[in-house]
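Report on the following structure.
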Amino acid sequence: MKFLIDRLAFRNALQRVEMGIDRKPTNPVYGGILIEATNNSLQLMTNDLDMAVRYRVDFVQVDQPGWAVIPGRELVDIIKDVESDTVTLTLNDKGGVELQAGEDVCDLVTFESSAGRGAEERSESFPLVPALEGDPDVAMDKGDFLVMVNSTRFATSRVQDTRFATEGVLFELADGQATMVGTDGRRLACIHRPTTGGKGGKSRAVLLPKVLDQIYRFGQDEEGDTISIWFLGNLVGFRLGNLESFGRVLTGEYPNYGNVIPAAGKHVVRAHRESFTKKLRLASHLTQDSAAVVRLALSSNNMEVASEHEGRGRASANFEVEYSGDGLKMAFNPAFLLEGLKSAHSEQIELQIDDASRPAKFLLGDDFSYVVMPLSSLV
Amino acid sequence: MSRIHKLDPVVIDQIAAGEVVERPASVVKELVENALDAGATLIEVSLLEGGIRRIEVRDNGCGMAADELPLAVTSHATSKLSAPSDLEAIASLGFRGEALASIASVARMTIVSRPEDASFGMEYQVLYGRPGSLHEASASKGTRFVVEDLFAELPARRKFLKRPATEAAHAQAWVERLALVHEGVGFRLEQDGKRCFEVLPEDDLGQRCAAVFGAGLAKNMVQIQAQADSITCTGHVGPPESARRDARRVHLFLNGRWVRDARLLRAVREGVKEFVPIGHYPTLYLSLQVPPQRVDVNVHPQKTEVRFRDERLVFGTVVRALRQGLAAAPWATRMVGTVGSTVQDRGSFPAPSWQRPQDLSAGLSSPSSREGFFPVPAPHLPMEVAAEDRGKGEFLSVANTFLFRAVAGGVEIIDQHALHERVNLEELRRELRQGQVVTQPLLVPALVDLSREELDLLLQHQDKFRKLGVDIEAFGETTLAIRGIPARLQRLQPEKLVLDLLEIAQSHRQATPDQIQEEMLFSMACRGAVMAGDAVDAEALESLLRRGADLPQDRTCAHGRPVRVFLSLEDLERAFYRR
Chain Z
1 MKFLIDRLAF
11 RNALQRVEMG
21 IDRKPTNPVY
31 GGILIEATNN
41 SLQLMTNDLD
51 MAVRYRVDFV
61 QVDQPGWAVI
71 PGRELVDIIK
81 DVESDTVTLT
91 LNDKGGVELQ
101 AGEDVCDLVT
111 FESSAGRGAE
121 ERSESFPLVP
131 ALEGDPDVAM
141 DKGDFLVMVN
151 STRFATSRVQ
161 DTRFATEGVL
171 FELADGQATM
181 VGTDGRRLAC
191 IHRPTTGGKG
201 GKSRAVLLPK
211 VLDQIYRFGQ
221 DEEGDTISIW
231 FLGNLVGFRL
241 GNLESFGRVL
251 TGEYPNYGNV
261 IPAAGKHVVR
271 AHRESFTKKL
281 RLASHLTQDS
291 AAVVRLALSS
301 NNMEVASEHE
311 GRGRASANFE
321 VEYSGDGLKM
331 AFNPAFLLEG
341 LKSAHSEQIE
351 LQIDDASRPA
361 KFLLGDDFSY
371 VVMPLSSLV
Chain A
1 MSRIHKLDPV
11 VIDQIAAGEV
21 VERPASVVKE
31 LVENALDAGA
41 TLIEVSLLEG
51 GIRRIEVRDN
61 GCGMAADELP
71 LAVTSHATSK
81 LSAPSDLEAI
91 ASLGFRGEAL
101 ASIASVARMT
111 IVSRPEDASF
121 GMEYQVLYGR
131 PGSLHEASAS
141 KGTRFVVEDL
151 FAELPARRKF
161 LKRPATEAAH
171 AQAWVERLAL
181 VHEGVGFRLE
191 QDGKRCFEVL
201 PEDDLGQRCA
211 AVFGAGLAKN
221 MVQIQAQADS
231 ITCTGHVGPP
241 ESARRDARRV
251 HLFLNGRWVR
261 DARLLRAVRE
271 GVKEFVPIGH
281 YPTLYLSLQV
291 PPQRVDVNVH
301 PQKTEVRFRD
311 ERLVFGTVVR
321 ALRQGLAAAP
331 WATRMVGTVG
341 STVQDRGSFP
351 APSWQRPQDL
361 SAGLSSPSSR
371 EGFFPVPAPH
381 LPMEVAAEDR
391 GKGEFLSVAN
401 TFLFRAVAGG
411 VEIIDQHALH
421 ERVNLEELRR
431 ELRQGQVVTQ
441 PLLVPALVDL
451 SREELDLLLQ
461 HQDKFRKLGV
471 DIEAFGETTL
481 AIRGIPARLQ
491 RLQPEKLVLD
501 LLEIAQSHRQ
511 ATPDQIQEEM
521 LFSMACRGAV
531 MAGDAVDAEA
541 LESLLRRGAD
551 LPQDRTCAHG
561 RPVRVFLSLE
571 DLERAFYRR
């Protein structure tokens with residue numbers, strides 16, 4: 001194997017596969033990057049058994065085809081720091097790789113290598129993932145997909161639950177519509193977007209958040225407006241342009257979100273997103289860190305956001321809202337509200353409430369609802 | 001066939017001796033207590049072979065007159081009690097009148113005594129209970145007891161003695177105990193001709209603690225005190241690091257008498273809960289002053305067990321003294337530079353140059369804004385971290401468990417789980433004081449399958465749970481629905497919490513509601529905390545440290561394990577042989 005590649009193109013490609021490098025590999029191969037050089041293109045692949053990434057780089061001058069599994073972290077760091085415009089990688093007879101970048105030379109070991117073609121068929125130790133071939137199960141607008149990720153990812157649980165796989169994001173397909181849900185049992189975000197193609201039918205999987213983070217980070221830069229998704233049993237594969245990401249499907253139940261999202265509430269409040277955010281932030285400066293409580297008091301066309309920190313002081317912020325119901329008071333964790341507002345798509349948001357002890361539903365954009373359970377004082 | 005007859009007085013004394021004289025240490029204890037009752041200000045004890053061969057106790061007390069000597073060694077002869085009513089209020093250490101007779105019945109005893117007004121002393125010998133001769137002898141003021149060949153005529157008893165070194169250690173323990181509590185009296189102990197313990201009559205309690213516990217530890221002990229009614233409780237308690245699994249370092253004194261009462265020890269454990277790991281006892285000197293008529297020390301011949309007229313009041317005072325003292329201790333707060341530290345000099349150390357001194361930051365550039373490679377000159381800072389400096393500074397997280405931070409004078413290491421647990425506990429308590437813990441109802445109730453009995457038991461506590469922010473209700477006959485959990489415990493897994501609560505309810509059926517509530521708070525604080533090994537982002541850590549700095553104490557976690565450990569520069573220098 002021998003190829004010459006533009007350093008920046010190589011660096012970008014490595015960044016895309018970096019998340020699939022196992023940081024504490026049980027087998028050194030899982031901490032490696034599989035590089036395969038074929039006719040003027042390069043394919044990079046990583047797999048830490050939770051997620052796998054495959055990325056293709058075109059416009060590479062391949063002198064000899066071949067493949068090698070190279071220590072991943074080291075390669076990423078080296079390519080960050082070399083300064084030449086191009087980099088040459090050569091597989092030598094002893095099974096090592098020589099990396100030449102201008103005046104700088106690094107010799108790297110390989111975990112497995114071959115001068116021939118077909119790394120994915122012939123590699124013995126590198127964990128492989130299926131090729132994404134044929135019609136995808138679903139295709140949809142890339143922008144829509146990224147919005148869905150951004151609108152639900154923040155609400156996922158940060159700790160592993162014993163019963164529900166709430167650390168992941170639920171992805172559901174039915175009747176030409178895709179649904180994504182994130183919840184930690186205290187609040188829940190749910191968004192729908194139409195699909196544009198694929199086999200259709202019904203599918204459902206709880207996705208690993210790490211894969212979604214990776215797609216969210218790099219998806220925007222990939223060519224094409226479509227994301228194609230394959231359900232592959234215990235894996236889900238995504239393709240955007242040259243990027244293919246695979247994530248493990250989380251096992252475990254997922255709460256029935258349909259029961260959680262209330263139907264239209266009795267009281268409706270319309271508020272300006274930015275004012276609401278500012279007032280919440282103001283009040284949250286005078287809350288105790290984690291058990292932060294803000295109290296919302298609604299009166300005719302006004303909302304008061306109040307807070308108190310024992311030993312520091314109290315705050316009361318008022319702003320205009322569209323509301324015509326009776327006086328209504330409830331308490332929330334301000335972080336939950338702020339996170340929701342940050343992900344809102346529209347400048348005007350709607351809040352639907354039944355009473356202070358029932359879940360409050362925020363409409364933060366088209367087909368994007370966010371349900372937050374108010375805090376309660378039971379005595 | 002043997003006929004019933006009255007026992008020979010010597011045999012009676014030997015039987016009684018079984019209760020009083022177990023080993024050389026008990027002889028030492030009895031003789032030293034006699035010397036103290038005689039008003040001595042200097043007591044010297046010397047032992048040969050751990051006291052098995054020879055015990056000598058000299059004092060400069062009031063001495064005994066010639067006619068008192070033979071009487072002293074007969075049983076039930078004492079100068080300390082006369083009327084039955086005296087038993088109601090015993091103020092002296094001895095009173096039963098058994099000790100000398102018991103000792104005399106199992107050893108060769110020689111008494112030499114001279115009262116102050118006599119011009120010469122008298123010597124009296126008793127051989128295994130058989131009175132010997134009384135004759136004049138030269139003597140200085142006071143009394144000298146020599147006890148030789150203990151149990152030589154009772155091989156059955158002698159067999160149970162341990163090695164001389166062990167017996168010597170037991171004897172020394174008694175001398176130390178008595179030396180601790182009798183301020184104004186000097187003690188000297190020699191073993192096989194070598195001096196191994198000494199306090200001078202003028203030594204104060206601090207110096208006595210230093211002699212008994214070691215100077216390094218005594219320096220870090222804090223004073224405790226509480227008073228209720230006519231009961232006074234004073235003492236010194238050592239830092240959590242000095243706690244041990246056994247109670248050997250607990251010295252409890254009741255009206256100057258060393259006692260080892262199981263229930264008093266329980267009060268001690270209660271008092272140091274949260275400061276000392278569970279199952280450990282602190283290093284403690286605790287002296288209780290209770291009016292003699294309100295306590296019965298005549299429970300056991302060794303007088304180490306006692307009965308109080310108003311137990312609750314006494315134990316309450318002990319618990320209060322310990323809690324208040326510990327809460328106010330310098331090592332109970334976030335101050336650094338006290339515990340575990342070998343820093344002698346509280347003067348100023350140069351702050352490590354990588355640490356940004358908050359109070360001086362206006363005039364200095366911070367390391368992050370530092371240009372070039374020229375180190376910022378290290379400012380001199382006092383040992384203790386300034387109030388505004390607490391909970392700030394740059395942290396290094398090791399193994400997602402420990403946080404290292406440079407502080408003035410050394411390095412502080414924090415256990416993230418222990419800190420979070422303490423923060424949770426104190427904040428939950430604060431919420432509880434204000435009424436109840438704020439509940440975060442769950443969108444989807446968590447369900448736990450239980451047996452009928454378990455479900456019933458939990459539902460009995462439903463109201464208590466509600467106050468603690470846990471909202472439960474029955475969901476069918478064997479399923480429990482958890483509808484809400486405390487809002488501040490973001491990391492809590494409801495199912496695990498409820499199983500913990502169930503266990504507490506099961507194991508504390510006899511406990512008071514307050515005790516159960518405390519246990520539940522502990523469990524919630526622990527379950528809701530980040531675990532060792534959990535990755536926590538920098539912002540959350542900062543917030544945690546800030547909240548820790550707001551607490552009344554963040555030195556130990558709810559289970560009494562340390563939250564913070566401080567290594568002084570001197571500790572570090574020692575580790576690198578720079579000292």
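Sequence order for the protein chains is Z and A. Counting with the working numbering, you get residues 1 to 379 for the letters of the first sequence. Counting with the working numbering, you get residues 1 to 579 for the letters of the second sequence. Glycine residues also receive a C-beta, built at the ideal position from the N, C-alpha and C atoms.
**OP:** Could you confirm whether any beta carbon from chain Z is found closer than 7 Å to the beta carbon of A:V175?
**Re:** On the second sequence, residue 175 of chain A is found 175 positions in, with the first residue counted as 1. It does not: the Cβ of A:V175 has no partner Cβ on chain Z nearer than 7 Å.
**OP:** Note down the Cα distance separating A:S194 from A:V319, rounded to an integer number of angstroms.
**Re:** Translated into the one-based positions of the second sequence, residue 194 of chain A becomes position 194. Translated into the one-based positions of the second sequence, residue 319 of chain A becomes position 319. The amino acid occupying residue 194 of chain A in the given sequence is Lys; Ser does not appear at that position. When only Cα atoms are considered, A:K194 and A:V319 end up about 40 Å apart.
Original post:
Should Z:F399 go down as buried or exposed, given a rule of 16 or more other Cβ atoms within 10 Å for buried?
Top reply: Because chain Z here runs from 1 to 379, residue 399 of chain Z falls outside it and cannot be looked at.
**OP:** Keeping to the same chain, check which residues put their C-beta closer than 8 Å to that of Z:R11; ignore five residues upstream and five downstream.
**Re:** Translated into the one-based positions of the first sequence, residue 11 of chain Z becomes position 11. Cβ within range, chain order: I79 and K80.
**OP:** Go ahead and pull the three-state DSSP assignment for A:S46.
**Re:** As a working mapping, residue 46 of chain A is identified with position 46 in the second sequence. It is a strand residue.
Original post:
Nearest chain Z C-beta to A:G238 closer than 7 Å, yes or no?
Top reply: By 1-based counting over the second sequence, the position of residue 238 of chain A is 238. Not an interface residue.
Original post:
Since A:P441 meets chain Z, which of its residues come closer than 7 Å, beta carbon to beta carbon?
Top reply: Looking up residue 441 of chain A in the second sequence gives position 441. By Cβ distance, chain Z contributes M373 and S376.
Subject >> Residue-chain proximity (A:Q344, chain Z), Cβ-Cβ < 7 Å >> reply: Position 344 of the second sequence holds residue 344 of chain A. Confidence is the limiting factor: at A:Q344 the pLDDT is only 33, short of 50, which leaves the residue's position unreliable, though a coordinate-based value still follows. Interface with chain Z (7 Å Cβ-Cβ cutoff): A:Q344 is excluded.
**OP:** With 9 Å as the limit, tell me which residues of the stretch 181 to 195 of chain Z have their beta carbon closer than that to any beta carbon of chain A; keep them in chain order.
**Re:** Cβ contacts with chain A: T183, D184, G185, R186, R187 and L188.
**OP:** Measure the Cβ-Cβ separation of Z:A315 and Z:S307 and say whether it is below 7 Å.
**Re:** On the first sequence, position 315 is the one that residue 315 of chain Z refers to. On the first sequence, position 307 is the one that residue 307 of chain Z refers to. In contact: Z:A315 and Z:S307 (Cβ atoms closer than 7 Å).
Original post:
Taking the Cβ atom as the reference point for each residue, do Z:L4 and Z:T88 lie within a distance shorter than 7 Å?
Top reply: On the first sequence, position 4 is the one that residue 4 of chain Z refers to. On the first sequence, position 88 is the one that residue 88 of chain Z refers to. Cβ distance < 7 Å, so Z:L4 and Z:T88 count as in contact.
Subject >> Under the three-state DSSP convention, the category A:P379 falls into >> reply: Residue mapping note: residue 379 of chain A aligns to position 379 of the second sequence, counting from 1. For A:P379, the predicted structure reports a pLDDT of 30, less than 50, and the residue's modelled location is therefore unreliable. The matter cannot be settled from this model.
Original post:
With distances taken between CB atoms, is the gap from Z:G237 to Z:L132 smaller than 7 Å?
Top reply: For the purposes of this step, residue 237 of chain Z is taken as residue 237 along the first sequence, with counting starting at 1. For the purposes of this step, residue 132 of chain Z is taken as residue 132 along the first sequence, with counting starting at 1. In this structure, Z:L132 lies closer than 7 Å to Z:G237 by Cβ.
**OP:** Would you check whether the ligand GDP has a heavy atom nearer than 6 Å to the C-beta of A:A525?
**Re:** This structure lacks the ligand GDP; in fact it carries no ligand of any kind.
**OP:** Give the secondary structure of Z:N150 by DSSP, where H, G and I count as helix, E and B as strand, and everything else as coil.
**Re:** In the first sequence, the residue the question calls residue 150 of chain Z occupies position 150. Three-state result, Z:N150: helix.
**OP:** Determine the burial state of A:D471: buried for a count of at least 16 other Cβ atoms within 10 Å of its Cβ, exposed for fewer.
**Re:** Stepping through the second sequence from its first residue, residue 471 of chain A is reached at position 471. Buried.
**OP:** Taking 7 Å as the cut-off, decide whether the C-beta atoms of A:V146 and A:E202 are in contact.
**Re:** What you label residue 146 of chain A is simply residue 146 of the second sequence in a count that begins at 1. What you label residue 202 of chain A is simply residue 202 of the second sequence in a count that begins at 1. The answer is no: Cβ separation not under 7 Å.
**OP:** State whether the stretch 202 to 212 of chain Z contacts the stretch 355 to 367 of chain Z, with contact taken as three or more CB pairs (one from each stretch) at a distance under 8 Å.
**Re:** At 8 Å Cβ cutoff, the stretches do not touch.
Original post:
Which residue's Cα is closest to the Cα of Z:G176: Z:A155, Z:F164 and Z:G198?
Top reply: Residue 176 of chain Z sits at position 176 when you count from the first residue of the first sequence. Considering only Z:A155, Z:F164 and Z:G198, the residue with the shortest C-alpha distance to Z:G176 is Z:G198.
Original post:
Looking at C-beta atoms only, is the number of pairs between the stretch 178 to 191 of chain A and the stretch 33 to 47 of chain A that lie closer than 8 Å three or more?
Top reply: With contact defined as three or more Cβ pairs closer than 8 Å, the stretch 178 to 191 of chain A and the stretch 33 to 47 of chain A are in contact.
Original post:
Counting along the chain, where does the beta strand (DSSP E) carrying A:G132 start and finish?
Top reply: By 1-based counting over the second sequence, the position of residue 132 of chain A is 132. That run of the beta strand (DSSP E) goes R130 to A137.
Original post:
Z:K266 by DSSP, collapsed to three states: which one?
Top reply: Working through the first sequence from its first residue, we reach residue 266 of chain Z at position 266. It is coil, neither helix nor strand.
Subject >> Coarse secondary structure for A:M524, derived from DSSP in three states >> reply: Taking the second sequence and counting its residues from 1, one reaches residue 524 of chain A at position 524. A:M524: helix per DSSP, three-state reduction.
Subject >> Residues near Z:D22 in its chain [Cβ-Cβ closer than 6 Å; skip 5 each side] >> reply: Counted from its first residue, the first sequence places residue 22 of chain Z at position 22. Spatial neighbours of Z:D22 in its own chain (CB-CB distance under 6 Å, excluding positions within 5 residues in sequence) are listed in chain order as Y30, G31 and D48.
Original post:
If you compare alpha carbons, which of Z:S343, Z:L240, Z:G365 and Z:F336 is closest to Z:E350?
Top reply: The residue you call residue 350 of chain Z lines up with position 350 of the first sequence. Taking only the C-alpha atoms, the option nearest Z:E350 is Z:G365.
Subject >> Cutoff 7 Å: A:V438 Cβ touching any chain Z Cβ >> reply: Position 438 of the second sequence, counted from the first residue, corresponds to residue 438 of chain A. Output row for A:V438: interface = yes.
Original post:
What number of angstroms, rounded off, separates the C-alpha of Z:L188 from the C-alpha of Z:G340?
Top reply: Indexing the first sequence from 1 puts residue 188 of chain Z at position 188. Indexing the first sequence from 1 puts residue 340 of chain Z at position 340. Computed Cα separation, rounded: 10 Å.
Original post:
Quick one: does Z:V211 have its CB under 7 Å from some CB of chain A?
Top reply: The residue labelled residue 211 of chain Z in the question sits at position 211 within the first sequence. Taking CB atoms only, Z:V211 has no neighbour in chain A less than 7 Å away.
Subject >> Pair within 7 Å by beta-carbon distance, A:A321 and A:C209 >> reply: Position 321 of the second sequence, counted from the start, is the residue given in the question as residue 321 of chain A. Position 209 of the second sequence, counted from the start, is the residue given in the question as residue 209 of chain A. Going by C-beta atoms, A:A321 is not nearer than 7 Å to A:C209.
Original post:
With A:T556 and A:E274 assumed to form a contact (beta carbons below 8 Å), what rounded beta-carbon distance in angstroms separates them?
Top reply: Numbered from its first residue, the second sequence carries residue 556 of chain A at position 556. Numbered from its first residue, the second sequence carries residue 274 of chain A at position 274. About 6 Å separates the CB atoms of A:T556 and A:E274; that is less than 8 Å, so the two are in contact.
**OP:** Compare the C-alpha of Z:A165 against each of Z:L363, Z:A139, Z:R7 and Z:Y257 and name the closest.
**Re:** The residue you call residue 165 of chain Z lines up with position 165 of the first sequence. Selected option, being the one with the closest Cα: Z:Y257.
Subject >> Expected contact under 8 Å - CB spacing of Z:S151 and Z:D184 to nearest Å >> reply: For this step, residue 151 of chain Z is matched to residue 151 along the first sequence. For this step, residue 184 of chain Z is matched to residue 184 along the first sequence. With 8 Å as the limit, Z:S151 and Z:D184 do not qualify as a contact, their Cβ atoms being about 15 Å apart.
Subject >> A:I482 versus A:L499 - alpha carbon distance >> reply: As a first step, residue 482 of chain A is located in the second sequence; it is residue number 482 there, counting from the start. As a first step, residue 499 of chain A is located in the second sequence; it is residue number 499 there, counting from the start. Taking C-alpha positions only, A:I482 is separated from A:L499 by approximately 11 Å.
**OP:** Give the interface partners of Z:P359 over in chain A, defined as CB-CB distance under 7 Å, in chain order.
**Re:** Numbered from 1 along the first sequence, position 359 holds the residue referred to as residue 359 of chain Z. Within chain A, the residues near Z:P359 are L443.
Original post:
What is the residue span of the alpha helix (DSSP H) that Z:S369 lies within?
Top reply: Residue 369 of chain Z sits at position 369 when you count from the first residue of the first sequence. Z:S369 -> not in any alpha helix (DSSP H); beta strand (DSSP E) instead, spanning F368 to V372.
**OP:** Specify whether the stretch 509 to 517 of chain A and the stretch 408 to 418 of chain A touch according to this definition: at least 3 beta carbon pairs, one from each stretch, less than 8 Å apart.
**Re:** Touching, no.
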